[in-house]
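K.L.:
Under the working numbering, the very last position in the sequence shown is 298; numbers go up by exactly one each time.
Once you've had a glance at the structure underneath, I'll fire off some questions.
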Amino acid sequence: MQEAVPRRVLVVEDEPVINDAVAERLRAEGFLVDQAYDGPGAVAKATELEPDVVVLDVMLPGYDGHEVCRRIQATRPVPVLMLTARDDEADVLVGLAVGADDYLTKPFRMREVVARVRALLRRVDRAAELAARPTARLVVGDLVVDTGTRRVTVGDTEVRLTPTEFDLLARLAAAPGEVLTREHLLAEVWDWPDASGTRTVDSHVRALRAKVGAHRVRTVHGVGYALEAGS
68 MQEAVPRRVL VVEDEPVIND AVAERLRAEG FLVDQAYDGP GAVAKATELE
118 PDVVVLDVML PGYDGHEVCR RIQATRPVPV LMLTARDDEA DVLVGLAVGA
168 DDYLTKPFRM REVVARVRAL LRRVDRAAEL AARPTARLVV GDLVVDTGTR
218 RVTVGDTEVR LTPTEFDLLA RLAAAPGEVL TREHLLAEVW DWPDASGTRT
268 VDSHVRALRA KVGAHRVRTV HGVGYALEAG S
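Spelled out as structure tokens, the structure:
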């Protein structure tokens, strides 16, 4: 299905074969696609072109994908799908910490890249719609989630979250104490209708805990997560 209004995607990958394959598939799906092959080039193109989504490899010449993500997010927040050759949780958590919204481990299927990009764009559109509505404040103990301004505070301290972390926290805060399954969170936060990305949920929960306090998000093993008031 073609996009009604073409959205721009920047593909950053130093392997030309992979870069071209991802770019060609996204173009075939109706996206406007630009390509970069190293860290400095990626930052320059992201600044110049202002893409709607960045597909970003971790291992790049110049400086790595984490540094690229940090720099482009400091200038203008943009959804980032990181590509990593290692199924290493530490590597994934670093990516999430510098502002990545999602990740894929190589090798991956092109249709999964397309699905993830579309899901990121739907979440951006949904966030814009919510921001236009009257502000709602979700309060759980000393944690406050403002869905209108998309700000989070713990006590008197503001906590900076990625768009995905915010959406995850807001969904948990909407039902404090209720255990939400990974599959439920994937469907509502990531807009994925299947259970293929449950590890993605776990990684984002770990990143979220590091920012709002590990004690606030309770794990129910084999089921999912619940947000608690904490102490």
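Glycine is no exception: its CB is placed at the ideal position from the N, C-alpha and C atoms.
Note that the coordinates shown come from a computational prediction; the quantities given were computed from them, not determined experimentally.
Should glycine 244 and alanine 203 be called a contact, given that it needs their Cβ atoms to be closer than 7 angstroms?
P.N.:
Not a contact, by the Cβ cut-off of 7 angstroms.
K.L.:
Rounded to whole angstroms, what is the Cα-Cα separation between leucine 235 and leucine 77?
P.N.:
Using only the alpha carbons, I get a separation of about 25 angstroms.
K.L.:
On a Cα-Cα basis, can you pick out the residue from Leu160, Val206, Val161, Thr142 that is closest to arginine 283?
P.N.:
Arginine 283 has its Cα closest to that of Val206, out of Leu160, Val206, Val161, Thr142.
K.L.:
Just how far apart, CA to CA, sit glutamate 134 and glutamate 117?
P.N.:
Looking at the two C-alpha atoms, the distance is approximately 17 angstroms.
K.L.:
Please report how far the alpha carbon of valine 177 lies from the alpha carbon of alanine 274, in whole angstroms.
P.N.:
The residue you asked about is not valine; residue 177 is methionine in the sequence shown. Roughly 27 angstroms separates the two Cα atoms.
K.L.:
Would you call the CB atoms of lysine 278 and valine 211 closer than 7 angstroms?
P.N.:
In this structure, valine 211 does not lie closer than 7 angstroms to lysine 278 by Cβ.
K.L.:
How about aspartate 105 and glycine 129: do their beta carbons lie closer than 7 angstroms?
P.N.:
Yes, the Cβ-Cβ distance between aspartate 105 and glycine 129 is below 7 angstroms.
K.L.:
Which residues bound the beta strand (DSSP E) around leucine 123?
P.N.:
Looking at the DSSP string, the run of the beta strand (DSSP E) that includes leucine 123 is 120 to 124.
K.L.:
Would you report the Cα separation of threonine 220 and aspartate 213, rounded to the nearest angstrom?
P.N.:
So the two alpha carbons sit approximately 9 angstroms from each other.
K.L.:
State the DSSP-derived secondary structure class of aspartate 213, mapped to helix, strand or coil.
P.N.:
Reduced to three states, the DSSP call for aspartate 213 is strand.
K.L.:
Going by the beta-carbon positions, is the gap between valine 79 and alanine 103 smaller than 7 angstroms?
P.N.:
Yes.
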